[in-house]
Amino acid sequence: MADSTEKSLHARPEQLLYASILEKGMYLGLLILLVTYALYAFGLVTPYIPLQEIPKCWTMDVHHYLETCKIEEGWAWLSMVRYGDFMNFIGIAMLAGVTMVCFLVIAPVLWKQNDRVYACLSLVEAIILAVAASGILGAGGH
Amino acid sequence: MTKLGKLSLVGFACLLALTLMSPAVWAEAGSTAPGAAAEYPWWIWPLLLLVVTFVMGIAAVLGGVGGGVLFVPIISGFFPFHLDFVRGAGLLVALAGALAAGPGLLKMNLASLRLAIPVALIASTFSIVGAMIGLALPTNVVQISLGATILGICILMLIARKSEVPDVPQADRLSSALRIYGVYQEATTGQIIDWKIHRTPQGLFLFVAIGIMAGMFGLGAGWANVPALNLLMGAPLKISVATSKFLLSITDTSAAWIYLNKGCVIPMMVVPSLIGIMLGSFLGVRLLRVTKPGIVRWIVIGMLGFAGIRALMKGLGF
Numbered sequence: 001m002a003d004s005t006e007k008s009l010h011a012r013p014e015q016l017l018y019a020s021i022l023e024k025g026m027y028l029g030l031l032i033l034l035v036t037y038a039l040y041a042f043g044l045v046t047p048y049i050p051l052q053e054i055p056k057c058w059t060m061d062v063h064h065y066l067e068t069c070k071i072e073e074g075w076a077w078l079s080m081v082r083y084g085d086f087m088n089f090i091g092i093a094m095l096a097g098v099t100m101v102c103f104l105v106i107a108p109v110l111w112k113q114n115d116r117v118y119a120c121l122s123l124v125e126a127i128i129l130a131v132a133a134s135g136i137l138g139a140g141g142h
Numbered sequence: 143m144t145k146l147g148k149l150s151l152v153g154f155a156c157l158l159a160l161t162l163m164s165p166a167v168w169a170e171a172g173s174t175a176p177g178a179a180a181e182y183p184w185w186i187w188p189l190l191l192l193v194v195t196f197v198m199g200i201a202a203v204l205g206g207v208g209g210g211v212l213f214v215p216i217i218s219g220f221f222p223f224h225l226d227f228v229r230g231a232g233l234l235v236a237l238a239g240a241l242a243a244g245p246g247l248l249k250m251n252l253a254s255l256r257l258a259i260p261v262a263l264i265a266s267t268f269s270i271v272g273a274m275i276g277l278a279l280p281t282n283v284v285q286i287s288l289g290a291t292i293l294g295i296c297i298l299m300l301i302a303r304k305s306e307v308p309d310v311p312q313a314d315r316l317s318s319a320l321r322i323y324g325v326y327q328e329a330t331t332g333q334i335i336d337w338k339i340h341r342t343p344q345g346l347f348l349f350v351a352i353g354i355m356a357g358m359f360g361l362g363a364g365w366a367n368v369p370a371l372n373l374l375m376g377a378p379l380k381i382s383v384a385t386s387k388f389l390l391s392i393t394d395t396s397a398a399w400i401y402l403n404k405g406c407v408i409p410m411m412v413v414p415s416l417i418g419i420m421l422g423s424f425l426g427v428r429l430l431r432v433t434k435p436g437i438v439r440w441i442v443i444g445m446l447g448f449a450g451i452r453a454l455m456k457g458l459g460f
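Chains as they are written, first to last, in my numbering: chain X, 1 to 142; chain P, 143 to 460.
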């Protein structure tokens with residue numbers, strides 16, 4: 001009984017695996033974000049929107065911002081990643097994507113442990129996040 | 143309170159007053175004209191963001207709230223940024239905080255993955271719905287709703303009780319089937335606490351609304367997660383706080399993707415805010431030992447109330 005209590009005081013293997021991937025992804029994303037931001041803010045990489053023009057952009061609503069600056073929605077930023085401002089999206093996408101990876105990795109581990117319900121729930125969560133990330137969900141403009 | 147504690151509190155209040163009373167901030171506060179913000183050099187804004195979010199990071203830790211819930215109403219109320227970009231940045235600020243805390247909380251077994259997964263499934267799905275609603279509605283409607291929600295959060299903070307270890311006579315059938323239970327050791331007393339939850343279907347249903355609000359306003363949702371997990375579902379307070387923080391890393395991820403894909407992320411706003419909040423949180427944790435959290439909690443409620451009224455007024459066109 002004491003052994004089982006001692007055992008259950010510690011996190012389960014899939015929880016530790018999730019934590020480990022989340023930690024690595026978070027540090028990597030944060031590092032990339034800080035480096036790319038330094039390159040951008042100190043003018044070492046040319047931005048798509050000149051720095052002095054930015055205050056005009058962030059007062060507009062997103063619809064006018066995209067229209068005025070001729071920026072496309074969704075993953076179009078990948079084709080503009082050579083610009084200093086869009087380079088920052090690599091780190092942001094990593095931070096927003098690491099959770100999906102965590103669920104994809106723990107799903108088979110849970111399945112092997114015969115924890116089929118949680119394996120399926122993890123897979124469904126990864127699919128939900130993938131759908132959100134895909135950009136296929138349109139939202140109306142205002 | 144110690145001398146250092148008093149000094150920190152005064153310093154914190156002065157810094158907050160200075161940044162919020164800055165002429166640049168006030169000159170812009172009521173204006174959304176595209177040219178108005180351009181009167182100041184571009185670097186003023188990320189610098190101000192860094193300072194204000196640094197103060198917010200301290201206040202968030204000492205006041206026991208998430209960074210996102212302070213960020214959106216204060217930045218949208220007193221900076222010239224459009225609400226669309228503030229919500230995008232707010233979600234990323236809350237997400238970064240949750241990502242930073244999540245691994246440690248999971249390893250310590252304070253955040254429960256088994257409790258978080260079913261809740262996250264509901265909350266993240268509906269935070270996508272909330273983000274889509276928020277981006278489709280007119281800005282003034284979102285601003286008014288945001289103001290009302292923030293004032294509601296103030297009331298919740300004033301009246302909500304907390305229960306260290308709620309009495310759960312029997313786990314409900316759903317939580318038993320999902321095997322949502324656990325054991326943790328209370329560090330202060332060494333006591334080993336067995337926990338289980340009840341009212342799981344009602345709790346999951348509540349996370350529909352919490353998810354929608356998180357996505358719609360970009361607030362993060364720790365303010366709602368903790369009472370739902372602790373008071374309604376009966377999880378111990380420490381498990382609720384830790385699981386809520388971890389939960390934000392999932393809920394905010396799904397909504398953040400919607401804002402990212404819709405173009406609502408401007409790195410010049412996001413990165414200084416992330417750095418400011420994180421540095422402020424580090425200092426906040428140190429100050430926590432020497433300040434009275436009760437006083438700071440009142441300051442945070444005051445700040446939120448002020449920002450909520452400001453959001454309401456902005457939405458109503460005053």
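In this text, a Cβ means the ideal position worked out from N, Cα and C, and glycines have one as well.
Exercise for the section: Within the same chain, show all residues whose beta-carbon is closer than 8 Å to that of X/Ile21, passing over the 5 residues directly before and after it, in chain order. Expected result: On the first sequence, residue 21 of chain X is found 21 positions in, with the first residue counted as 1. Counting only Cβ-Cβ distances below 8 Å, and skipping sequence neighbours, we find Val98, Val101, Cys102, Val105.
Handout entry: Chain-ordered chain P contacts of X/Glu14 [CB-CB under 8 Å]
Key = The count along the first sequence starts at 1 and reaches residue 14 of chain X at position 14. Within 8 Å Cβ-Cβ: Leu255.
Handout entry: Residue-chain proximity (P/Cys296, chain X), Cβ-Cβ < 8 Å
Key = In the second sequence, residue 296 of chain P corresponds to position 154, counting from 1. It does not: the Cβ of P/Cys296 has no partner Cβ on chain X nearer than 8 Å.
Problem - Bridge partners - P/Gly324, DSSP secondary structure assignment - result: Residue 324 of chain P sits at position 182 when you count from the first residue of the second sequence. Partner(s): P/Trp337.
Handout entry: Distance, P/Lys456 Cα to P/Met250 Cα
Key = Numbered from 1 along the second sequence, position 108 holds the residue referred to as residue 250 of chain P. Numbered from 1 along the second sequence, position 314 holds the residue referred to as residue 456 of chain P. So the two alpha carbons sit approximately 43 Å from each other.
Exercise for the section: Return the residues of the stretch 51-67 of chain X that lie within a Cβ-Cβ distance of less than 9 Å from chain P, sorted by chain order. Expected result: Leu51, Gln52, Glu53, Ile54, Pro55, Lys56, Cys57, Trp58, Thr59, Met60, Asp61, Val62, His63, His64, Tyr65, Leu66
Handout entry: Interface residues of chain P facing X/Leu22 [CB-CB closer than 8 Å]
Key = By one-based count along the first sequence, residue 22 of chain X stands at place 22. Residues of chain P passing the Cβ test: Leu241, Gly244, Pro245, Leu248, Ser391.
Handout entry: chain P contact residues for X/Asn144, given Cβ-Cβ distances below 7 Å
Key = Residue 144 of chain X lies beyond the residue range present for chain X, which begins at 1 and ends at 142; the question has no answer from this structure.
Exercise for the section: Work out the CA separation of P/Gly418 and P/Val193 for me, nearest whole Å. Expected result: As a working mapping, residue 193 of chain P is identified with position 51 in the second sequence. As a working mapping, residue 418 of chain P is identified with position 276 in the second sequence. Taking the straight line joining both Cα atoms gives about 7 Å.
Practice task
Go to X/Glu67, then tell me how far its alpha helix (DSSP H) extends in each direction, as first and last residue.
Solution key: Position 67 of the first sequence, counting from 1, holds the residue named residue 67 of chain X. That run of the alpha helix (DSSP H) goes 62-69.
Practice task
Compare the C-beta of X/Gly135 with all C-beta atoms of chain P and state if any pair is closer than 8 Å.
Solution key: The residue labelled residue 135 of chain X in the question sits at position 135 within the first sequence. Yes, its Cβ sits closer than 8 Å to a Cβ of chain P.
Problem - Below-8 Å beta-carbon distance, X/Met80 vs any chain P residue - result: Walking along the first sequence from the start, residue 80 of chain X turns up at place 80. Judged by the 8 Å Cβ criterion, X/Met80 is not in contact with chain P.
Practice task
Let me know the secondary structure DSSP gives P/Ala202 once reduced to three states.
Solution key: As a first step, residue 202 of chain P must be located in the second sequence, where it is residue number 60. Helix.
Practice task
Look at the Cβ atom of P/Leu390, then the Cβ atom of P/Ser382, and state whether they are nearer than 8 Å.
Solution key: To locate residue 390 of chain P, count along the second sequence from 1; it is residue 248. To locate residue 382 of chain P, count along the second sequence from 1; it is residue 240. Contact: no.
Problem - Whole beta strand (DSSP E) elements within the stretch 272-336 of chain P, 3-residue minimum - result: 323-327
Practice task
Starting from P/Leu237, find everything on chain X with Cβ-Cβ shorter than 8 Å and list it in chain order.
Solution key: For the purposes of this step, residue 237 of chain P is taken as residue 95 along the second sequence, with counting starting at 1. Near P/Leu237 (Cβ distances below 8 Å), the residues of chain X are Leu95, Ala96.
Problem - Whole-angstrom distance between X/Cys57 and P/Ala169, CA atom to CA atom - result: For the purposes of this step, residue 169 of chain P is taken as residue 27 along the second sequence, with counting starting at 1. For the purposes of this step, residue 57 of chain X is taken as residue 57 along the first sequence, with counting starting at 1. Residue placement at P/Ala169 is poorly supported in this model, since its pLDDT is 44, which falls under 50; the coordinates are not used for a value here.
Practice task
My understanding is that X/Leu129 touches P/Ser266, with C-beta atoms under 8 Å, so please give their C-beta distance in whole angstroms.
Solution key: In the first sequence, the residue the question calls residue 129 of chain X occupies position 129. In the second sequence, the residue the question calls residue 266 of chain P occupies position 124. With a Cβ gap of about 7 Å, X/Leu129 and P/Ser266 count as contacting.
Practice task
Give every residue of the same chain whose Cβ lies closer than 6 Å to the Cβ of P/Thr195, excluding the five residues on either side of it in the sequence, and list them in chain order.
Solution key: Within the second sequence, the letter at position 53 stands for residue 195 of chain P. Closer than 6 Å at the Cβ level, and outside the excluded window around P/Thr195, lie Ser415, Gly418, Ile419.
Practice task
Return the Cβ separation of P/Gly210 and P/Gly357 in integer angstroms, given the expectation that the two are a contact with Cβ distance under 8 Å.
Solution key: Residue 210 of chain P sits at position 68 when you count from the first residue of the second sequence. Residue 357 of chain P sits at position 215 when you count from the first residue of the second sequence. That pair is no contact at about 12 Å.
Problem - Option nearest P/Ile259 by Cα separation, candidates X/Arg116, X/Asp85, X/Leu121 - result: For the purposes of this step, residue 259 of chain P is taken as residue 117 along the second sequence, with counting starting at 1. Answer by Cα proximity: X/Leu121.
Exercise for the section: Inspect the beta-carbon positions of X/Thr46 and X/Gly84 and report whether they are closer than 8 Å. Expected result: The residue labelled residue 46 of chain X in the question sits at position 46 within the first sequence. The residue labelled residue 84 of chain X in the question sits at position 84 within the first sequence. Contact: yes.
Exercise for the section: Would you mind reading off the limits of the alpha helix (DSSP H) that contains X/Tyr27? Expected result: Here residue 27 of chain X is taken as the residue at index 27 of the first sequence, counted from 1. Per DSSP, X/Tyr27 belongs to the alpha helix (DSSP H) from 13-41.
Exercise for the section: Answer yes or no: does any C-beta atom of chain P fall closer than 8 Å to that of X/Ala119? Expected result: Within the first sequence, residue 119 of chain X is the residue found at index 119, counting from 1. By this cut-off, X/Ala119 is not an interface position.
Exercise for the section: Can you give me the Cβ contacts of X/Glu14 inside the same chain, cut-off strictly under 6 Å, excluding the 5 residues immediately before and after it? Expected result: On the first sequence, residue 14 of chain X is found 14 positions in, with the first residue counted as 1. Counting only Cβ-Cβ distances below 6 Å, and skipping sequence neighbours, we find Ile106, Val109, Leu110.
Practice task
Look at P/Gly289 and P/Gly450 and say whether their C-beta atoms are less than 8 Å apart.
Solution key: Translated into positions along the second sequence, residue 289 of chain P becomes position 147. Translated into positions along the second sequence, residue 450 of chain P becomes position 308. Closer than 8 Å, so yes.
Problem - C-beta atoms of P/Lys387 and P/Gly360 nearer than 8 Å - result: Numbered from its first residue, the second sequence carries residue 387 of chain P at position 245. Numbered from its first residue, the second sequence carries residue 360 of chain P at position 218. No.
Handout entry: Integer-rounded CB distance, given that P/Ala453 should sit under 8 Å from P/Pro215
Key = Residue 215 of chain P sits at position 73 when you count from the first residue of the second sequence. Residue 453 of chain P sits at position 311 when you count from the first residue of the second sequence. Indeed they touch by this definition, with Cβ atoms about 5 Å apart.
Exercise for the section: Could you please give the first and the last residue of the uninterrupted alpha helix (DSSP H) stretch that includes P/Gly345? Expected result: The count along the second sequence starts at 1 and reaches residue 345 of chain P at position 203. Its alpha helix (DSSP H) spans residues 342-359.
Exercise for the section: Would you please verify whether the beta carbon of P/Pro165 is less than 8 Å from any beta carbon of chain X? Expected result: Stepping through the second sequence from its first residue, residue 165 of chain P is reached at position 23. The pLDDT assigned to P/Pro165 is 42, lower than 50, so where the model puts this residue is not dependable; a value taken from the coordinates is nonetheless given after this. By this cut-off, P/Pro165 is not an interface position.
Practice task
Could you tell me whether the Cβ atoms of P/Gly239 and P/Gly208 are closer together than 8 Å?
Solution key: Position 97 of the second sequence, counted from the first residue, corresponds to residue 239 of chain P. Position 66 of the second sequence, counted from the first residue, corresponds to residue 208 of chain P. Against a cut-off of 8 Å, the Cβ pair of P/Gly208 and P/Gly239 comes out as a contact.
Exercise for the section: Going by CA-CA distance only, name the one from P/Phe424, P/Ile443, P/Ile392 that's closest to X/Glu125. Expected result: The count along the first sequence starts at 1 and reaches residue 125 of chain X at position 125. Residue P/Ile392 is the option with its Cα nearest to X/Glu125.
Exercise for the section: Put X/Val45 into one of helix, strand or coil per three-state DSSP. Expected result: One-based indexing of the first sequence puts residue 45 of chain X at position 45. Correct three-state label for X/Val45: coil.
Exercise for the section: Go to P/Leu421, then tell me how far its alpha helix (DSSP H) extends in each direction, as first and last residue. Expected result: Here residue 421 of chain P refers to the residue found at position 279 of the second sequence. Residues 409-429.
Exercise for the section: Report the residues of the stretch 216-230 of chain P with a CB closer than 7 Å to any CB of chain X, ordered along the chain. Expected result: Pro222, Phe223, His224, Asp226, Phe227
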